[in-house]
Every structure is written in structure tokens, then in C-alpha cells.
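Peer 1: Below you will find the structure I want to go over with you.
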Amino acid sequence: MNALELLYNLRTILEVRQDIDREDRELIMELSPLYLQRLEDATQQGIQQGIQQGIEQGVERNQRLMVESMLQVKFGAVDEELVQIIEPLIQLEPLEITQLIMQLNREELLARFGQSSRES
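Following numbering that gives the first Met the number 0, the numbering of the sequence shown begins with 0 at its first residue and continues without gaps.
The structure is reproduced here in C-alpha cells:
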């Protein structure tokens with residue numbers, strides 16, 4: 000249980016009790032804004048993490064599409080053997096990917112990147 004859940008549980012328990020004295024009422028009044036602020040902070044953090052994850056997935060998808068397109072332009076079609084080397088290729092820098100695809104023939108690419116995908 001994290002601190003936010005504990006704070007919420009304490010606040011709920013204090014609110015439900017019928018025999019609340021003045022000090023407990025004041026505590027509830029102090030905890031409510033604190034709880035709401037923590038909840039808002041946690042929500043914003045979750046949103047930011049989601050946005051960052053979405054950006055990273057989008058970048059990876061675009062890199063994958065770029066590599067696949069380059070392989071298709073160079074070799075006419077992307078068969079199963081070429082699909083297997085896409086993952087190792089996208090781990091490289093974009094300039095290096097471009098240079099390798101442009102400079103190496105199909106057999107050289109498969110020999111160079113086919114091994115790493117078979118070992119994994």
C-alpha cells in the first residue's frame with residue numbers, strides 16, 4: 000500500500016465515524032487538500048509517463064517502418080528472412096542503418112544481422 004492509499008484510507012475512516020471531535024474534523028479538513036494534491040500529482044505523473052511511453056513507441060514504430068521501406072525499395076520485397084533482421088537493424092543509429100542497407104547486398108545483411116537474431 001502506498002502513502003496515497005494510506006492517506007485516503009485514514010481520511011475515509013475519519014469521515015465515516017459519527018463521533019468525530021473537533022480535532023479529528025480539523026484533521027480531515029487538513030488531509031482533504033493534501034490528499035487531492037497528492038492524487039493530482041500522481042495523476043499528472045501517470046499522464047507524463049504514458050505520453051513518454053507513447054512517444055517512444057511511436058519513434059520505434061517509425062524506425063521499423065523506415066527500415067522496412069528501405070529494404071523493400073532495395074530488394075523489391077521484404078520476405079521472412081529480411082523481417083528477421085529488422086529488429087537488430089533498428090537498434091543502430093539511423094545514419095548507420097541507411098549506410099548498411101545501401102552498401103551491403105542481401106546476403107551480407109543476412110550474414111551480419113541474421114546471426115544476432117538467431118542467437119537471441
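Using N, Cα and C, we set each Cβ at its ideal position, and we do this for glycine too.
Should the segment 91-103 be regarded as contacting the segment 61-72, the criterion being three or more beta carbon pairs within less than 8 Å?
Peer 2: yes
Peer 1: Could you work out which residue in Asp18, Glu22, Asn104, Leu38 is closest to Leu5 when comparing CA atoms only?
Peer 2: Taking the sequence shown and counting its residues from 1, one reaches residue 5 at position 6. Nearest option by C-alpha distance: Leu38.
Peer 1: By the 10 Å Cβ neighbour count, where 16 or more other Cβ atoms means buried, how is Thr11 classified, buried or exposed?
Peer 2: Reading the sequence shown from its first residue, position 12 is the one you call residue 11. Classification of Thr11: exposed, given that the 10 Å Cβ count is below 16.
Peer 1: Start and end of the alpha helix (DSSP H) containing Val82?
Peer 2: Against the sequence shown, residue 82 aligns to sequence position 83. 79-89 is the span of the alpha helix (DSSP H), which, as asked, contains Val82.
Peer 1: In or out: Leu84 buried (at least 16 other Cβ within 10 Å) or exposed?
Peer 2: Along the sequence shown, read from residue 1 onward, the residue named residue 84 stands at position 85. As written in the sequence, residue 84 is Ile, which differs from the Leu given in the question. So Ile84 counts as buried.
Peer 1: Inspect the beta-carbon positions of Gln52 and Ile89 and report whether they are closer than 9 Å.
Peer 2: As a working note, residue 52 is residue 53 in the sequence shown. As a working note, residue 89 is residue 90 in the sequence shown. Cβ atoms of Gln52 and Ile89: not closer than 9 Å.
Peer 1: According to DSSP, simplified to helix, strand and coil, what is Asn8?
Peer 2: Start at 1 with the first residue of the sequence shown, and residue 8 comes out as number 9. Note: Asn8 maps to helix in three-state DSSP.
Peer 1: Expressed to the nearest angstrom, what Euclidean distance is found between the alpha-carbon atoms of Gly57 and Arg16?
Peer 2: Reading the sequence shown from its first residue, position 58 is the one you call residue 57. Reading the sequence shown from its first residue, position 17 is the one you call residue 16. Taking the straight line from one Cα to the other gives about 50 Å.
Peer 1: Shortest alpha-carbon distance to Glu59 belongs to which of Ala110, Gly113, Val77, Pro87?
Peer 2: Start at 1 with the first residue of the sequence shown, and residue 59 comes out as number 60. Minimum Cα distance to Glu59 is reached at Pro87.
Peer 1: So, are the CB atoms of Phe74 and Leu81 less than 9 Å apart?
Peer 2: Along the sequence shown, read from residue 1 onward, the residue named residue 74 stands at position 75. Along the sequence shown, read from residue 1 onward, the residue named residue 81 stands at position 82. Result yes, Cβ atoms of Phe74 and Leu81 sit closer than 9 Å.
Peer 1: Rounded to whole angstroms, what's the CA-CA distance from Glu25 to Tyr7? Just pull it up for me.
Peer 2: Numbered from its first residue, the sequence shown carries residue 25 at position 26. Numbered from its first residue, the sequence shown carries residue 7 at position 8. Distance between the alpha carbons of Glu25 and Tyr7 is about 16 Å.
Peer 1: Is it the case that the Cβ atoms of Leu9 and Leu30 are separated by a distance below 9 Å?
Peer 2: Sequence index remark: in the sequence shown, residue 9 carries index 10 (1-based). Sequence index remark: in the sequence shown, residue 30 carries index 31 (1-based). In this structure, Leu30 lies closer than 9 Å to Leu9 by Cβ.
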